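Take the sequence shown: its letters are residues 10 to 114, numbered as in our numbering.
Backbone N, C-alpha and C fix where the C-beta goes; we use that ideal spot for every residue, glycine too.
Note that this is a predicted model, so its numbers are computed, not measured.
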Amino acid sequence: MSLNQEERNIMVGLELEKAKSTFAEHEGLTEKGYWNTLANRLYYALFHAVSAMLISDGREVGSHKGAAIRFHQYYVRTGIFTDDEGAFYSQMETLREKSDYNLLL
10 MSLNQEERNI
20 MVGLELEKAK
30 STFAEHEGLT
40 EKGYWNTLAN
50 RLYYALFHAV
60 SAMLISDGRE
70 VGSHKGAAIR
80 FHQYYVRTGI
90 FTDDEGAFYS
100 QMETLREKSD
110 YNLLL
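Structure representation (structure tokens):
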């Protein structure tokens, strides 16, 4: 993605706003027992936050898998985020996939 600095700033702002609004959707889901929806919303909040970081640093976001790979490559392996935080992101991605696609949950 070839963006100038102004476009990058706009995209980062949009991704962060999406992360915040998506995270806010989690409220009440626990009390209602909507675990699949909770996993989905929490994962997407993380995905949009990670996308904002990647865009801010001038990196390609790509697919969900691509964002996860780049998160680990540029932020976990370099020590910006811990291995546990990297594992959490991966676990949330797996939970979201299971909640969205696995009929046996």
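Between ALA76 and PHE56, the CB-CB gap stays under 8 Å.
Cβ-Cβ separation between LEU25 and ALA58: approximately 7 Å, consistent with a contact (criterion under 8 Å). Taking C-beta separations shorter than 8 Å and ignoring five residues to either side along the sequence, GLY88 has no partners in its chain.
Between the stretch 11 to 22 and the stretch 38 to 46, the count of Cβ pairs shorter than 8 Å is below three; the stretches do not touch.
The C-beta separation of ARG105 from ALA61 comes to about 18 Å, leaving the pair out of contact by the 8 Å criterion. ARG50 and GLY22 have their C-alpha atoms some 19 Å from each other. For GLN100, the enclosing alpha helix (DSSP H) has its first and last residue at 92 to 110.
Taking 8 Å as the upper bound for CB-CB distance, HIS73 and GLU102 are in contact here, some 7 Å apart. Per DSSP, the continuous alpha helix (DSSP H) segment holding VAL59 begins and ends at 44 to 65.
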